[in-house]
Amino acid sequence: ILGRKTVELMTSNHLPGNGDLTSMGQAVFSETPYDGIGFGLGFSVMLNPAAAQILGSPGEHAWGGAASTYFFIDPAEDMTVILMTQLMPSSAYPIRRELRILAYQSIID
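Have a look at this one:
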């Protein structure tokens, strides 16, 4: 069980100068861009959804694994999404991006 402050630390951007992943290098094995995405302690961290060109909220944290598995947690929307699949390579089909679009389009205010 993690305390609130520990989770806040883990889900904060820890890249130098509060930069995004693009400032650290090119996306070689990722089907998503690195613009607007920082990195915490074990998670990617959404810094700027407009720069990332994907639906989301600042402070959202996520990670993808082998065979296109994926999760994201958006505290602002009180939403957690988990995708378990077996699609390799992950770049074969943009399933993670499509999942995000469907999840955010399903929000009813």
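In the working numbering, the protein residues as written are 58 to 166. Note that CB positions come from ideal geometry on N, CA and C, so glycine has one too.
1) Taking the C-alpha atoms as reference points, what is the distance between GLY116 and ILE152?
2) Taking 7 Å as the limit between beta carbons, can you name the residues of its chain near TYR161, skipping five residues before and five after?
3) Apply the 10 Å Cβ neighbour rule to TYR127 and answer buried if 16 or more other Cβ atoms are within range, or exposed otherwise.
4) What does the Cβ neighbour count give for ALA93, buried or exposed, with the cut at 16 atoms within 10 Å?
5) How should MET103 be labelled, buried or exposed, when 16 other C-beta atoms within 10 angstroms of its C-beta is the threshold for buried?
6) Among all the DSSP beta bridges, which residues are the ones paired with MET136?
7) Where does the unbroken alpha helix (DSSP H) through MET67 begin, and where does it stop?
8) Can you tell me where the alpha helix (DSSP H) with ALA109 in it begins and where it stops?
9) For the putative contact between GLY99 and SER69, defined by C-beta atoms under 8 Å, what is the C-beta separation to the nearest angstrom?
So, from the data block:
1) Mapped onto the sequence shown, residue 116 falls at position 59. Mapped onto the sequence shown, residue 152 falls at position 95. Distance between the alpha carbons of GLY116 and ILE152: 22 Å.
2) For the purposes of this step, residue 161 is taken as the residue at position 104 of the sequence shown. LEU112.
3) Counted from its first residue, the sequence shown places residue 127 at position 70. Flag for TYR127 reads buried.
4) Indexing the sequence shown from 1 puts residue 93 at position 36. The sequence given here has Gly at residue 93, not Ala. Buried, because 16 or more other Cβ atoms sit within 10 Å of the Cβ of GLY93.
5) Along the sequence shown, one-based indexing puts residue 103 at 46. Flag for MET103 reads buried.
6) For the purposes of this step, residue 136 is taken as the residue at position 79 of the sequence shown. Paired residues: ASP131.
7) In the sequence shown, counting from the first residue as 1, residue 67 sits at position 10. Here the alpha helix (DSSP H) through MET67 covers 61–67.
8) Counted from its first residue, the sequence shown places residue 109 at position 52. Counting along the chain, the alpha helix (DSSP H) containing ALA109 begins and ends at 106–109.
9) Along the sequence shown, one-based indexing puts residue 99 at 42. Along the sequence shown, one-based indexing puts residue 69 at 12. The pair is not a contact, with the Cβ atoms about 12 Å apart (cut-off 8 Å).
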